[in-house]
Amino acid sequence: MPPLIQSAFQTRKPGLSPAEFNTYYETIYLPLLVSLQGSSFLKSHTRSYVIRTACDASSFDTSNSNYRASVYYGTDHQDIDYDIYSEMIFEDEKAFKAFEKVMLEDQQNFQGPGGLKVVGLEVLEATLRPSK
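Heads up: the sequence shown runs through residues 1 to 132, numbered per this note's numbering.
Next comes the structure, spelled out in structure tokens:
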């Protein structure tokens, strides 16, 4: 049976800056998941954080209006409402269900309401630069 591959888009909780969100995710949330799951932790969890730059660094505004996404083309910064894109690989659906129970318990501490969107993927492909 092929592995279950998922992509997740997560949005930070209102009141958290992007840096606070990233720090919580890396230093509290993920270590908690690993400690609770142990050897049944998913096969792979790759994360990429959206680059956000404060328009006014002295402001207490932690919203995306002040922390704009670094968009290069195709859309506007206000269309990027998520803060992290992650790719998760599980052995199978059963492994995901076990992970999901633990994953959802701590989410309210750093994630906004409706701030998690997950989609299943069929194949994981990578194209690498040819060697010289």
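We put the beta carbon where it would ideally sit given N, CA and C, even for glycine.
Delimiting residues of the beta strand (DSSP E) encompassing residue i
{"i": "A98", "result": "Counting along the chain, A98 falls outside any beta strand (DSSP E), though it belongs to the alpha helix (DSSP H) covering 93 to 105."}
{"i": "E87", "result": "84 to 90"}
{"i": "A54", "result": "52 to 54"}
{"i": "P113", "result": "111 to 121"}
{"i": "Q108", "result": "Looking at the DSSP string, Q108 is not in any beta strand (DSSP E), and its letter there is neither H nor E."}
Beta-carbon proximity list for residue i, same chain, < 7 Å, skipping 5 on both sides
{"i": "R68", "result": "R52, T53, C55, H77"}
{"i": "T62", "result": "G15, L16, S17"}
{"i": "T11", "result": "D81, Y82, D83, Q111, G112, G115"}
{"i": "V71", "result": "H77, I80"}
{"i": "V102", "result": "L33, L36, Q37"}
Local Cβ density within 10 Å of residue i, reported as buried at 16 or more and exposed below that
{"i": "N109", "result": "exposed"}
{"i": "V50", "result": "buried"}
{"i": "G115", "result": "buried"}
{"i": "Y25", "result": "buried"}
CB contact flag (residue i, residue j, <8 Å)
{"i": "Y82", "j": "F21", "result": "no"}
{"i": "K192", "j": "I89", "result": "The structure shown has nothing for residue 192, since the chain only spans 1 to 132."}
{"i": "S86", "j": "T46", "result": "yes"}
Contact set for residue i: own chain, Cβ-Cβ below 8 Å, skip 5 residues either direction
{"i": "E122", "result": "I5"}
{"i": "N64", "result": "R52, H77, Q78, I80, D81"}
Alpha helix (DSSP H) segment containing residue i, residue limits
{"i": "S58", "result": "Looking at the DSSP string, S58 is not in any alpha helix (DSSP H), and its letter there is neither H nor E."}
{"i": "Q37", "result": "30 to 37"}
Close beta carbons around residue i, own chain, < 6 Å, minus the five adjacent residues each side
{"i": "S48", "result": "Y85"}
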